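Only one structure is covered here, and it is reproduced in the block below.
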Amino acid sequence: MKHIAWMSFLVSALASLAMPTAAADMTGRDVFDHYCGACHGTDDGPGTMQLRRTRGKDQALLTERTNLSADYIEYVVRHGLRAMPPFVPSDLTEAKLKALLAFLAK
Amino acid sequence: MAEPLPPGVNAERMADALERLRKIVGRDWVFSGEKVASYDDPYTIPNDPGRYKAHAAVAPASTEQVQEIVKVANEFRIPLWTVSRGKNFAYGGAAPVLSGSIVLDLSRMNRILEVNEKFGYALIEPGVSYFDLYEYVQSRGLKLWLDVPDPGWGSVVGNALDHGVGYTPYGDHFGVQCGMEVVLANGEVVRTGMGAMPGNNTWQLFKYGFGPYVDGMFSQSNFGIVTKMGIWLMPEPPGYRPYLITFPRAEDIEQVVEIVRPLRLNNVIQNAATIRSLVLDAALFATKSQYYSGEGPIPDTVAKQIMADQEIGMWNFCGALYGPPPITDALWTAIRDSFATIRGVKFYFPEDRKRRPDILIHRADTMRGIPKLTEFGFLNWNGGGGHVGFSPVSPTTGKDAIKQFRMVSGRVREYGFDYMGLMAVGFRELHHVTVIVFDQTNPKERQKLNEVFQLLVREAAAEGYGEYRTHIHYMDTIAGTYSWNNNALLKMHQTIKDALDPNGILSPGKSGIWPKRLREAKKV
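Chains as they are written, first to last, in my numbering: chain A, 636 to 741; chain B, 531 to 1054.
Take a look at the structure:
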């Protein structure tokens, strides 16, 4: 039963990864879910797990962080950081990045 | 550092060419200056910062725009490095072999043109990711399954073109490709197979059409730009049962593979199952520092601790059964009885796995075509983030499997890396993929990685094992190992290249194939 519940959660999470990608249709939350969610959106995503190990439990989930500046997020998105590769501007466009920064940066 | 220019092109000519490209695609879709950094190889290998750097990138939205871009590239003799989505990480990402190239980024060409449930296929553009196609199928309730590689954000077209593999019965991605649209270097658009016949309705149903079958010529190549592709999708089976079989000793791989071969050849093992090594599986959800703080690869005592802690073996066979339960029950009986002869073997279904996260629970999604990024977890094993794949092909024999395992694991451990390998089971061959995870921020470690990789290629080739796919840094090296009869195959590739692309504008250096003008420059 636990397995079924876990699967349902996963399918739901994945559905959010592939929502419409036209910038005008996407909120900052949409951009985060689509581009960042698979690694940073859940407790067991590879990005969340690595941040938990390297920066501590309270720094693991990006959406709960209060110390992310817009400049820092933009740099990491465009240049990558260690295991995380960069996102090209043809896909994660400037307009989407702006929405993401408004959602995530504090 | 200023972006490099390609051979024979000065800054003024490049600026003129970029302006022409802006008129074709719009100013927002030509990227230069600091915006090009996103196209760098994030896990670069050489310490020379000038290697594999693009000058700019251009992102067209249509086949017609690709045709126009190709005309400009011919006029200015500027090389275009084509990527579908640029997510071919561990093999160079979006970065070009030839510095100064303009990346032709097809990410915006992301239309799903048709998904046909009746016949089980999709016709898509190269910018369509596995996530995109999965969502399209799910949101419409279509009874079709994808076959996905480990990272779901990559291009369906690009992965097939690079001979990528997945884990359902449709795991040979180029094998389930059917029909292409290709822009040639002269700007002409070609449709292959049945697509060449006006009004034909079997373009995605029958591969071969009439005359020579040319689709393979556009895979791992620089002979054209694929702008549409058909891909077969698996009808949703009436039953699905994933399983995990673990084996406790490294040397078990010999017996495991001997058992696998007849089961796979007779389709008792139905899917492109994988035999995965201990550290590869452990690294998905744990880091090395949780188990070991010493230098170099983990010792055997630590390996045993990981096995006990994560309930996995030195080798872990992840497979799945597809079909009506009476059939899958019978297949499982044959599989279980075959492997039961190995001492210490353990069998698991998902309901037997209590730990979370867990390897079988994760692979159960992948083997039913759910795209994910979970496998990126192994990049955290030592914290350095870099990785590269060494991927020789082996016959499905125990003798070859253990020989390859000993060759590769011995060398990578000698150089201080943990062995993180898997053997993906094809019908008659194993793709032995070893991921070498390295600290990309450490120049000495990158140098060490390069040394061991070159050694692995040489030693594998000496034993007759060739890589099926490689990082941009090793394309010339690997092409050089396919040298039978005085490099006859490479010479044929060059002849085709020169005929189709006389100005050498399409992806110079891809798979070791260089156009004439750059071949001659390389000899100087």
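Glycine included, every Cβ here is placed at the ideal spot set by N, Cα and C.
Since the model is a prediction, treat every value here as computed from it, not as a measurement.
Fewer than three pairs of CB atoms, one per stretch, sit closer than 8 Å, so the stretch 958 to 978 of chain B makes no contact with the stretch 827 to 834 of chain B.
Of all residues in the stretch 899 to 912 of chain B, the ones placed with a Cβ closer than 9 Å to any Cβ belonging to chain A are ILE900, PRO901, LYS902, LEU903, THR904, GLU905, PHE906, GLY907, PHE908, LEU909 and ASN910, in chain order.
Under the DSSP definition of a beta bridge, B/GLY951 partners with B/THR964.
When DSSP states are grouped into helix, strand and coil, B/GLU959 belongs to the strand group. For A/GLN685, the chain B residues whose C-beta falls within less than 7 Å of its own C-beta are ASN910, listed in chain order.
Setting aside the 5 residues that flank it on each side, B/ARG550 is surrounded in the same chain by VAL602, each with a C-beta closer than 7 Å to its C-beta; the list follows chain order. Put simply, the backbone Cα of B/ILE761 is about 6 Å away from that of B/VAL706.
At a cut-off of 4 residues, the continuous stretches assigned as alpha helix (DSSP H) that sit fully inside the stretch 995 to 1037 of chain B are 1005 to 1011 and 1014 to 1030. Contact of B/PRO887 with chain A by beta-carbon distance below 8 Å involves ASP679. Scanning chain B for C-beta atoms nearer than 8 Å to the C-beta of A/PHE722 yields SER568, reported in chain order. For A/LEU739 against A/GLU709, the beta-carbon gap comes to about 10 Å, at or over 8 Å, which does not count as contact. Residues of the stretch 710 to 737 of chain A with a Cβ closer than 7 Å to any Cβ of chain B, in chain order: ARG713, HIS714, GLY715, ARG717, ALA718, PRO720, PRO721, PHE722, VAL723, PRO724, SER725 and ASP726. For B/ASN980, the enclosing alpha helix (DSSP H) stretches over residues 973 to 992. Residue burial is scored here from C-beta neighbours: B/ARG988 has fewer than 16 other C-beta atoms within 10 angstroms and is therefore classed as exposed. Contact note: B/TRP559 reaches chain A through SER725, using a C-beta cutoff of 8 Å and chain order. When secondary structure is reduced to three states using DSSP, B/LYS673 falls in the coil class, being assigned neither helix nor strand. The C-alpha of B/ILE1043 is placed about 19 Å away from the C-alpha of B/VAL600. In this structure, B/ASN716 keeps its C-beta atom at 7 Å or more from the C-beta atom of B/HIS703. For B/ARG794, the secondary structure class from DSSP, reduced to helix, strand or coil, is helix.
Shortest Cα-Cα distance from B/GLY723 to any of B/LEU714, B/VAL923, B/MET759 and B/PHE753 involves B/MET759.
Straight through space, the alpha carbons of B/PRO681 and B/ASN752 are spaced by roughly 24 Å.
In this structure, B/ILE799 is the residue among B/ASN640, B/ILE799 and B/TYR738 with its C-alpha nearest to the C-alpha of B/TYR697. Residue-level contact check: A/CYS674 touches chain B, since one or more beta carbons of chain B fall below 7 Å from its beta carbon. Under the DSSP definition of a beta bridge, B/CYS848 partners with B/LEU774 and B/THR804. Looking at the backbone, the Cα of B/LEU691 and that of B/THR896 are separated by about 20 Å.
Per DSSP, reduced to three states, the secondary structure at B/GLN668 is helical. Chain A places no beta carbon closer than 7 Å to that of B/PRO855, leaving this residue out of the contacts.
Here the C-alpha atom of A/HIS669 lies approximately 44 Å from the C-alpha atom of B/THR1025. Secondary structure at B/PRO880: helix, using DSSP grouped into helix, strand and coil. Judged by DSSP in its simplified three-state form, B/LYS902 adopts strand. Around the C-beta of B/TRP1014, fewer than 16 other C-beta atoms lie within 10 Å, and the residue is accordingly described as exposed.
In this structure, B/GLN970 sits away from B/GLY899, with a CB-CB distance that is not shorter than 7 Å.
Between the alpha carbons of B/PRO1045 and B/LEU628 lies a gap of roughly 12 Å. The three-state secondary structure of B/ASN640, taken from DSSP, is coil. In the structure shown, B/ASP969 falls within a strand segment according to DSSP collapsed to helix, strand and coil. For B/SER637, at least one C-beta of chain A is nearer than 7 Å to its own C-beta.
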